[in-house]
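Every number in my numbering is 5 more than the matching position in the sequence shown, counting from 1. By construction, the Cβ of each residue, glycine as well, lies at the ideal position given by its N, Cα and C atoms. Let me begin by presenting the structure, written as structure tokens, before commenting on it.
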Amino acid sequence: MECNGKKKNLFISLPMRGKTDDQIKRMIKICQKKAEELLDQELFLLPSYERGLQGYNPVFGLAHALLYLADADIVFFAPEWNNSKGCNIEMEVCKNYNIDFIDGNDIFFKEIVTAKIARENILINILESDCKFEQETPKEVPEKDSVFKIKINSD
């Protein structure tokens, strides 16, 4: 799984506009970890972000990123990359120059949906445990057509 006896180079493409230095660094770590899990190997992280470049012309930042992208064996596109002009250009470079990539929108969307489903199942279980089901057989209804009432515990 290694390239020429060394770790594969990972470049992370992520939207940076409006994000703090800490938010960007945190997302880079998350994406690196996710890429390593998916590929089942340790990767060498190329510097796709350098503090201080945010104040420069965006084209300068993109040109700087493309220098590192040229050395990438694989590119991980962070969630919402498609909302960024720079990330879209980096995606086009990957497609046109046959650089392998992982679309984080697909990966994280599936995990969010799975977590949401799990959370909803937990909520349903909690609601069911807070409900007490009692069966009543009113005199005017035949026994085979029993009526159920739900009592919500308020304690």
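message = Whether or not the stretch 97-106 and the stretch 23-37 are in contact is what I'm after, with contact meaning three or more pairs of Cβ atoms, one per stretch, closer than 8 Å; do they touch?
response = Judged by Cβ distances under 8 Å, the stretch 23-37 makes no contact with the stretch 97-106, as fewer than three pairs qualify.
message = So, with DSSP's three-state summary, where would you put N14?
response = N14 falls in the strand class under three-state DSSP.
query = Excluding the five sequence neighbours on either side, which residues of its own chain have a C-beta within less than 8 Å of the C-beta of K11, listed in chain order?
reply = Contacts found: F49.
request  = Determine the direct distance from the alpha carbon of G23 to that of K39, and round the result to whole angstroms.
outcome  = Between the alpha carbons of K39 and G23 lies a distance of about 23 Å.
task = Within its chain, find whatever has a CB closer than 6 Å to the CB of S89; leave out the 5 residues flanking it on each side and keep chain order.
result = Shown here for S89: same chain residues with a beta carbon closer than 6 Å to its own, the five before and five after excluded, namely P20 in chain order.
Nearest to D78 (by Cα), restricted to the options N103, I33 and G91 = Among N103, I33 and G91, the Cα nearest to that of D78 belongs to N103.
query = What number of angstroms, rounded off, separates the C-alpha of N101 from the C-alpha of N62?
reply = Straight-line Cα distance between these residues: approximately 25 Å.
request  = Put D26 into one of helix, strand or coil per three-state DSSP.
outcome  = If DSSP states are grouped into helix, strand and coil, D26 belongs with the helices.
query = Going by beta carbon distance, what residues of the same chain come within less than 6 Å of N14, once the five residues before and after it are set aside?
reply = Setting aside the 5 residues that flank it on each side, N14 is surrounded in the same chain by F49, L51, D76, A77 and D78, each with a C-beta closer than 6 Å to its C-beta; the list follows chain order.
query = Taking the continuous beta strand (DSSP E) assigned at I94, which residues delimit it?
reply = Where I94 is concerned, there is no enclosing beta strand (DSSP E), although the alpha helix (DSSP H) it sits in stretches over K90 to N101.
inquiry  = Rounded to the nearest angstrom, what separates E47 and V80 at their Cα positions?
reply    = Going from the Cα of E47 to the Cα of V80 covers about 14 Å.
task = For G91, collect the residues of the same chain with a Cβ closer than 6 Å to its Cβ; drop the 5 residues on either side in sequence, then sort them by chain order.
result = Correct list, in chain order: L67.
ask   = How is L19 classed by DSSP in three states: helix, strand or coil?
value = DSSP places L19 in coil when its eight states are reduced to three.
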